[in-house]
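Numbering (the numbering used here), first residue to last: 535 to 948.
For every residue, glycine included, the Cβ atom is placed at its ideal position computed from N, Cα and C.
Quick caveat: nothing in here was measured; it's all calculated off a predicted structure.
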């Protein structure tokens, strides 16, 4: 088929409520950072790097491929596709709860999120994304170098050498995350928002609802739109994506300060793992039977999309459980790795694309090519983080917060 892309919530924005919001958020306390979710975010980004490198070797369509297509990659990549990005949205939702609690008003929360997300987005659109777009038009026969492309041709609107302009490429994640953050800010500004969230959390905590209710919602929306609305990318058209990512963002936000939800999450971890395994088997089976651009029958496609929804939710529940029980401890590498994720996300994708494109004439064997791509990507990510730390102005553009004085508050994970 191919690559598709606390029981009381402290949401009252008074100074008193902000002081009193330090309540347990589960097995650990709010006063300490949830290291497990930091590690989960770091691990999720590591998976994302490997996934994008693998795309250069897969039989699916991508920006540019190495010329080596391996069907053996279909199964593991199909098993990762349903949850790899949803997990990042869930962790971001969790971080948003901390940011909401710290903000003086919903407007202050919205302003801070806009600064942290839209500034790197704008920088990426001006300095990072054009590199990828240049490779895309080169594949279509564009005869000029990058300088001419960036100065003249990269700012078109419409189709150019078979490529749609403008595009935010992999930075769509920042656009979606900003949109969800603005929706959250608007919601918490309404009267009774905290009570409604508490009631929802209490309802989800009972019985098996944490497992089946969100899955039912996600799968129903996705299936209802499947044969009516074309599956497309773009903020205003991606119903399939929003049906998965927004509930997962909300899950992370809800769980952050509600012990009852944490207990339910731990209670249902085994069931979530079982659901993920069964759903993953369905996803992989359909992808193997209908590889590449082959369109499966309606029933198989519906089963695949429903299984993706099941797996997306179940894997996040299982991984949150694992992060809290097994990885919620600090290490000297956690902080730098966690801070490096944002700039690394911005630069990793074009590095993979550029290195793949410029090494095509070398006709490297796949193992050397993969090793080169991995080494170049990690080096570029490390360089971006190092430069962002050295120059605060660049750090703001790449999403790296300025160093915090000893005893000050550290920024929440994004």
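In the three-state scheme derived from DSSP, where H, G and I count as helix and E and B as strand, residue 693 is classed as strand. For residue 699, the secondary structure class from DSSP, reduced to helix, strand or coil, is strand. Spanning the alpha carbons of residue 933 and residue 698 requires a straight line of approximately 27 Å.
Taking C-alpha positions only, residue 601 is separated from residue 587 by approximately 13 Å.
Three or more beta-carbon pairs drawn from the stretch 845–864 and the stretch 605–624 are found closer than 8 Å, and the two stretches are therefore classed as touching. In the structure shown, the three-state DSSP call for residue 596 is coil. In the three-state DSSP reduction, residue 683 falls in the helix class (H, G or I). Ranked by Cα distance from residue 768, the options 776, 887 and 810 are led by 776. When secondary structure is reduced to three states using DSSP, residue 896 falls in the helix class. For residue 704, the secondary structure class from DSSP, reduced to helix, strand or coil, is helix.
In terms of Cβ geometry, residue 753 and residue 773 do not form a close pair [threshold 8 Å]. Listed in chain order, the non-local C-beta contacts of residue 721 below 6 Å within the same chain comprise 727, local neighbours out to five positions each way being set aside. Counting C-beta atoms within 10 angstroms of its own C-beta, residue 839 has 16 or more neighbours from the protein chains shown and is therefore classed as buried. Close CB contacts of residue 616 within its chain, under the 7 Å cut and outside five residues either way in sequence, are with 817, 842, 845 and 846 (chain order). Residue 628 sits close to residue 787, with the two beta carbons spaced by under 8 Å. Counting along the chain, the unbroken alpha helix (DSSP H) around residue 930 starts and ends at 926–931.
In the three-state scheme derived from DSSP, where H, G and I count as helix and E and B as strand, residue 823 is classed as helix. Proximity to residue 703 across 664, 824, 725 and 713 peaks at 664, based on C-alpha coordinates. Of all alpha-carbon atoms in 808, 889 and 899, the one lying nearest the alpha-carbon of residue 908 is that of 889. Rounded to the nearest whole angstrom, the C-alpha separation of residue 684 and residue 864 is 43 Å. Excluding its 5 nearest sequence neighbours in each direction, residue 609 has C-beta neighbours in its own chain below 6 Å: 818, listed in chain order.
Within the same chain, Cβ atoms closer than 6 Å to the Cβ of residue 809 are found at 844 and 848, the five residues on either side in sequence being excluded. Comparing alpha carbon positions, the residue from 874, 733 and 632 closest to residue 794 is 733.
Going by DSSP, residue 607 is part of no alpha helix (DSSP H) at all; its letter is neither H nor E. In this structure residue 799 touches residue 855 by the C-beta definition: roughly 6 Å separates them, less than 8 Å. In the DSSP assignment, residue 754 falls within the alpha helix (DSSP H) that extends over 743–760. No Cβ-Cβ contact shorter than 8 Å links residue 748 with residue 711. Only residues of its own chain outside the window of five on either side were considered, and among them 861 have a CB closer than 6 Å to the CB of residue 573, listed in chain order. Unbroken alpha helix (DSSP H) runs of no fewer than 4 residues, entirely contained in the stretch 611–649, are found at 618–636, following chain order.
Fully contained in the stretch 846–901 are the following alpha helix (DSSP H) runs of length 4 or more, in chain order: 868–892.
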